[in-house]
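Number of protein chains: 2
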Amino acid sequence: MTATVRRPGRVAKLPPRERILDAAEELFQSEGIRRVGVQAIAERAETTKMAIYRHFATKDALVAEWLRIVAADYQAAFDRAEAEHPDRPREQILALARFIAEGLPAISYRGCPFINSLAELPDRSHPARQVIEEHKALQTRRLVGMCAAAGLPDPEQAAAEITFVLEGAQVSAHNGSIAQPGERLMRIVEGILDRANR
Amino acid sequence: MTATVRRPGRVAKLPPRERILDAAEELFQSEGIRRVGVQAIAERAETTKMAIYRHFATKDALVAEWLRIVAADYQAAFDRAEAEHPDRPREQILALARFIAEGLPAISYRGCPFINSLAELPDRSHPARQVIEEHKALQTRRLVGMCAAAGLPDPEQAAAEITFVLEGAQVSAHNGSIAQPGERLMRIVEGILDRANR
DNA sequence: CCCTGATGATACCCAACGGTATCGTTCGGA
DNA sequence: TCCGAACGATACCGTTGGGTATCATCAGGG
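From first to last, the protein sequence lines stand for chains A and B. Here the working numbering is used: the first residue of the first sequence is 20, the next is one more, and so on. Here the working numbering is used: the first residue of the second sequence is 20, the next is one more, and so on.
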């Protein structure tokens, strides 16, 4: 019975569930949900299909869990914006726009996970759809709150405008129709915020 | 090369190629490209898979041809805007925005074909990608021209802003994050155009 | 030290997909 | 009227997909 000793100095592998989610995140983002098979995720996670189905009931459940993580990342950007600019809602909104603007180069390669998932999962009863819906509703609520705090005359309308612009910048970055989308996005958001101060 | 017309009268079936494209349009739009099989298209078109492969080399070629038609529809909206408001670029842009705004209820059900196709076809060498790229480039060029003709101080920037807003309205209509996206969209575009006149 | 639950590995099932081969039928132009 | 091209129907092929069954192995806690 030779005990297989783990090599010293080698970083311990994460538990399977984490490795699976990491692999799923990379593959779903770079190649799309429907193009990536469970087998491919298992290989990338250095495990097997069986291990995946021990942690997730179906592939759809794995997709939903992945989107839950992505949504949490985006909400964390809201948290950071609020934490780094307390009581300065205008700066919070700009920080948020900067977060999106800085992500555009990556987005241009493969697109926004939420927009893509909506396209890839037309079934409205898919568990991932609910995750997206809730995330977007929360995002809008927080943005409206920031706009109100910033003293914009019509917070709902301003939040809608900022939302459109942020989403549109991601779409345009992806399809390549607009040059320098990041710079343009920042100028636009600044313009929206400045208009209230005139 | 005269088109072979089968029978006079409204009841006559269209030729197979047209029926195939009609069926593909409905199915791709409502259920997504990858979810719809060639067999399903054939059934909807009241023909067979073989007939499809007699008119289109591959499914990918059929997808590209479908997007070519959709792109032509959008470009036709530009044409109409120009024809109905000659020498009034501001009205042309508003007509365009109205065209998008009026399409939002349909978009909210399943999303914009170009955005969805980009998500569903991550392979950058897919023939449909070139169709989308050219369409979006042409759209931007025409919009910049309209903005310049409207006397907006920075036509590229204004065109970028309008593009972002139009695309973002479609995304937001699809994910349901913004109420009344059509009305909001029109107010935003009017605001962009009015800002130059102040 | 041993037992139990989690893990790794392999083989398998069944359905759906894109695409092809074949053959009989239909229809319009010459 | 006749011929060839287009059309319809069906069966088929190879691959890939999600999901399952089985069994050996490993690790940690009682």
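Each residue gets a CB set at the ideal place from its N, CA and C atoms; glycine is no exception.
Cβ shell of residue i (< 7 Å), same chain only, five flanking positions each side left out
i, result
"A96/A", "L115 and F118"
"R203/A", "I197"
"V57/A", "K68, I71 and K78"
"V230/B", "With chain B represented from 20 up to 217, any question about residue 230/B goes unanswered, as that position is not in the structure."
"R148/B", "L140"
"A120/A", "G201, L204 and M205"
"V89/A", "P132"
"H145/B", "D79"
"R87/A", "V150"
6 Å Cβ shell around residue i - same chain, five flanking residues per side excluded
i, result
"F133/B", "I151"
"P174/A", "V163, C166 and A167"
"Q189/A", "I126 and C131"
"T66/B", "P35"
"A123/B", "Correcting the residue type first, residue 123/B is Leu in the shown sequence and not Ala. A192, P200 and G201."
"V30/A", "With a pLDDT of 44 at V30/A, under the threshold of 50, the modelled position of this residue cannot be trusted; read the value that follows with caution. The answer is none, since no qualifying residue turns up."
Assigned exposure category for residue i - 16 Cβ within 10 Å defines buried
i, result
"L33/A", "exposed"
"G201/B", "buried"
"R109/B", "buried"
"A43/A", "buried"
"Q158/B", "buried"
"I186/A", "For the sequence presented, residue 186/A should be read as Glu rather than Ile. By the 10 Å Cβ count, E186/A comes out buried."
"A102/B", "exposed"
"Y128/B", "exposed"
"R143/A", "exposed"
"S49/A", "exposed"
"A179/B", "buried"
"P105/A", "exposed"
"A91/A", "exposed"
"A64/B", "buried"
"A61/B", "buried"
"A177/A", "buried"
Range of the contiguous alpha helix (DSSP H) that encloses residue i
i, result
"S136/B", "P132 to E139"
"T7/B", "Residue coverage of chain B in this structure runs from 20 to 217, which leaves residue 7/B outside it and unanswerable."
"I211/B", "P200 to R214"
"E44/A", "P35 to E50"
"V57/A", "V57 to R63"
Contacting residues, own chain, Cβ-Cβ under 8 Å from residue i (five flanking each side not counted)
i, result
"I112/B", "A100, L162, M165, C166, A169, I181, V208 and L212"
"A156/A", "none"
"I52/B", "V82, N135, S136, E139 and L140"
"Y93/B", "H154 and Q158"
"I39/A", "I60, A61, A64, T66, A70, I71, H74, F75 and L81"
"P172/B", "A215"
"T23/A", "Any answer about T23/A is weak, because its pLDDT of 34 lies below 50 and its placement is not dependable; what the coordinates show is given next. Same-chain partners within the cutoff: there are none."
"R107/B", "none"
Heavy atom of the ligand HEM within 8 Å of residue i beta-carbon
i, result
"P174/A", "This structure lacks the ligand HEM; in fact it carries no ligand of any kind."
Please list the residues of the stretch 182-201 of chain B that have a C-beta atom closer than 9 Å to any C-beta atom in chain A, keeping them in chain order. T182, F183, V184, L185, E186, G187, A188, Q189, V190, S191, H193, N194, G195, S196, I197, A198, Q199 and P200
Taking only beta carbons into account, state which residues of the stretch 156-174 of chain A come closer than 8 Å to chain B, listed in chain order. A156, Q158 and T159
Which residue spans inside the stretch 67-152 of chain A form an unbroken alpha helix (DSSP H) run of at least 4? 68-74, 78-103, 108-129 and 132-139
Interface residues of the stretch 103-122 of chain A facing chain B [CB-CB below 9 Å]: none
Beta carbons nearer than 8 Å to chain B: which residues of the stretch 49-60 of chain A have them? S49, E50, G51, R53 and R54
Taking only beta carbons into account, state which residues of the stretch 67-79 of chain B come closer than 9 Å to chain A, listed in chain order. none
Output needed in chain order: residues of the stretch 85-100 of chain B with a Cβ under 7 Å from some Cβ in chain A. none
Cβ-based contacts, 7 Å cut-off: residues of the stretch 134-155 of chain B near chain A: I134, N135, L137, A138, E139, P141, I151, E152 and K155
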